[in-house]
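Going by this note's numbering, the first residue of the sequence shown is number 24, and it counts up by one from there.
Ideal Cβ placement from N, Cα and C applies to all residues, glycine included.
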Amino acid sequence: MKQENSKTPLGRSGKPVEIASAVSFLCMPAASYITGQVICIDGGRTISS
Numbered sequence: 024m025k026q027e028n029s030k031t032p033l034g035r036s037g038k039p040v041e042i043a044s045a046v047s048f049l050c051m052p053a054a055s056y057i058t059g060q061v062i063c064i065d066g067g068r069t070i071s072s
């Protein structure tokens with residue numbers, strides 16, 4: 024796990040509440056115009072590769 028966390032700029036795994044917060048936002052009326060997107064919730068790992 025340490026090796027995987029070292030590949031992430033935040034240096035740790037995501038917490039369930041962090042994923043749930045994004046899902047919750049996408050279910051709100053404020054996100055009604057968001058379509059066809061891939062939202063990476065990975066602590067910046069995607070952009071640091």
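Would you tell me roughly how many angstroms separate the C-alpha atoms of Ser71 and Val46, rounded to the nearest one? Rounded to the nearest angstrom, the two C-alpha atoms are 23 angstroms apart.
Just to confirm my understanding: we take Arg68, look at its own chain, exclude 5 residues before and 5 after, and list those with CB closer than 8 angstroms. What are they? These residues qualify, in order along the chain: Lys30, Thr31, Pro32.
Quick one: what does DSSP say Val61 is sitting in, helix, strand or coil? In this structure, Val61 counts as coil in the three-state DSSP scheme.
At the level of alpha carbons, what is the spacing between Phe48 and Ala54? When rounded, the distance between both Cα atoms is 7 angstroms.
When you compare the CB positions of Ile64 and Glu27, do they come within less than 8 angstroms of one another, or not? In this structure, Glu27 does not lie closer than 8 angstroms to Ile64 by Cβ.
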